[in-house]
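Mapping of the sequence shown onto full-length UniProt numbering: residues 1 to 320, in sequence order. Even glycine gets a Cβ: it sits at the ideal position worked out from N, Cα and C.
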Amino acid sequence: MIMDPAPSHPPQSCALVSDKQLGDITLLEPLTRLLSSRTGTPCSLYVKEAFRPLVELMPSAVWGPDQKTTHAYSWTTHWNSRASLMTRRVRARRKHLLVNQERHRHWWHRLFFHETHVVSAESQYWAFYFWRALGGDTSAFTSPRLTLPPEEWRHPDLPHGDYLLVNPTAAWPTKFWEPGLWAQVMKQISAEKGMSVVMTGGGTPEEKEHCARVVQSAPSSLVNLAGRTSLKQYLHAVSRARLVLCVDGSASHLAQAFDVPVVTLFGPVYPVRWHWPTPRHVAVSAFDFSSEIPPPCSAVPAAAVLEAFEKVLSQGGGSR
Numbered sequence: 001m002i003m004d005p006a007p008s009h010p011p012q013s014c015a016l017v018s019d020k021q022l023g024d025i026t027l028l029e030p031l032t033r034l035l036s037s038r039t040g041t042p043c044s045l046y047v048k049e050a051f052r053p054l055v056e057l058m059p060s061a062v063w064g065p066d067q068k069t070t071h072a073y074s075w076t077t078h079w080n081s082r083a084s085l086m087t088r089r090v091r092a093r094r095k096h097l098l099v100n101q102e103r104h105r106h107w108w109h110r111l112f113f114h115e116t117h118v119v120s121a122e123s124q125y126w127a128f129y130f131w132r133a134l135g136g137d138t139s140a141f142t143s144p145r146l147t148l149p150p151e152e153w154r155h156p157d158l159p160h161g162d163y164l165l166v167n168p169t170a171a172w173p174t175k176f177w178e179p180g181l182w183a184q185v186m187k188q189i190s191a192e193k194g195m196s197v198v199m200t201g202g203g204t205p206e207e208k209e210h211c212a213r214v215v216q217s218a219p220s221s222l223v224n225l226a227g228r229t230s231l232k233q234y235l236h237a238v239s240r241a242r243l244v245l246c247v248d249g250s251a252s253h254l255a256q257a258f259d260v261p262v263v264t265l266f267g268p269v270y271p272v273r274w275h276w277p278t279p280r281h282v283a284v285s286a287f288d289f290s291s292e293i294p295p296p297c298s299a300v301p302a303a304a305v306l307e308a309f310e311k312v313l314s315q316g317g318g319s320r
């Protein structure tokens, strides 16, 4: 466990640096709360420019590049060269690097950081790991939370009534579920619950192709926003959903942060590091249905997803 460095003067501000993807940045939100509580000022977050709308929804964070001050200290949560180069542009009196294994420590880190700290992740949910590693009271940890996006972020084609949001893609195509299974689940929920169904998805060629295959068998009433949303519109769509069904990826983390009920499908990745279970946030893992290591997401049967959906509803999910 690492406690914050104790400078000779009271810290004025702190910075947090990461080069990771949208879902990973969402998992840093609890850490921004922890660091902000120690300095008495919002934590300055330095991430990819495209993710600025996400940072605007974090209650204890501000957009780092806008800050003109020199921070008392900074923490970088990834050990690769991109994150190190990002840290180089951050003004801080002490720069700290957190790594989860000794093998991730490199000689060249000393060119960018004053100190490197090795703290094992111990197969823990990543947001909890960051909290624990920097000395947070583990009994006080809560999962990421975001404020609701403003209405002006709404996509013009997004329904105003209750809708189920389906996000079938992630950065890794190995996480994809079968298009026919998505269509089966959409049709049954739409028919039985009377909800509109909205689909979002990423913009890579693999994600676009996968979403196009889902559309071929999906209900004709499907509102297909896949590849058609800005980040602001995507955040708004997730935040206003009655329930989210998705594969392991940003939609899962965002839904939980907005306190939207979510059922997340896990394929070749163990849920323990990427899922914080609650009655409103349920994981369905391919490891429970296949002996393959790692198992494909297609091993998850549609019946298991529908059962998880009903479980969330029975626990009070779907009503906000």
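- If you check the CB distance, residue 91 and residue 114 do not come in under 8 angstroms.
- When C-beta atoms of the segment 144-155 are compared with those of the segment 295-303, fewer than three pairs fall below 8 angstroms, so the two segments do not count as touching.
- With fewer than three CB-CB distances shorter than 8 angstroms, the segment 158-174 does not count as touching the segment 51-61.
- No residue range can be given for residue 152, since it is assigned to no alpha helix (DSSP H) and is classified by DSSP as neither H nor E.
- Each residue's CA atom was taken as its position, placing residue 105 and residue 64 some 25 angstroms apart.
- Annotation for residue 129: the continuous alpha helix (DSSP H) segment containing it runs 126-133.
- With a cutoff of 8 angstroms on beta-carbon distance, residue 283 and residue 258 are scored as not near each other.
- Residue 81 and residue 37 have their alpha carbons spaced roughly 29 angstroms apart.
- In this chain, residue 247 is not harboured by any alpha helix (DSSP H); it is covered by the beta strand (DSSP E) spanning 243-247.
- When C-beta atoms of the segment 268-279 are compared with those of the segment 179-199, fewer than three pairs fall below 8 angstroms, so the two segments do not count as touching.
- Burial state of residue 79 is buried, judged by a 10 Å Cβ sphere holding 16 or more other Cβ atoms.
- With respect to residue 43, residue 16 sits close: the two C-beta atoms are nearer than 8 angstroms.
- Under the 10 Å beta carbon count, residue 19 is surrounded by 16 or more other beta carbons and is classified as buried.
- The C-beta of residue 307 has fewer than 16 other C-beta atoms within 10 Å across all chains shown, which makes the residue exposed.
- Note on residue 191: under 16 other CB atoms within 10 angstroms of its CB, so exposed under the neighbour-count rule.
- The C-alpha of residue 95 lies about 27 angstroms from the C-alpha of residue 274.
- Residue pairing by DSSP puts residue 75 in a beta bridge opposite 16, 96.
- Judged by DSSP in its simplified three-state form, residue 209 adopts helix.
- Each of 304, 280, 288 was checked against the Cα of residue 312, and the nearest Cα belongs to 280.
- By the beta-carbon neighbour count (other beta carbons within 10 angstroms, threshold 16), residue 202 is buried.
- Residue 76 is a Cβ neighbour of residue 87, given a cutoff of 8 angstroms.
- In this structure, DSSP gives residue 254 a helical state, which the three-state scheme calls helix.
- When the five nearest sequence neighbours on each side are left out, the beta carbons in the same chain lying within less than 7 angstroms of the beta carbon of residue 34 are those of 131, 134, 136, in order along the chain.
- Looking at the DSSP output, residue 224 sits in a beta bridge with 199.
- In the DSSP assignment, residue 238 falls within the unbroken alpha helix (DSSP H) covering 231-240.
- In terms of CA proximity to residue 41, 59 leads the group 25, 290, 224, 59.
- Counting along the chain, no alpha helix (DSSP H) covers residue 138, and no H or E run does either.
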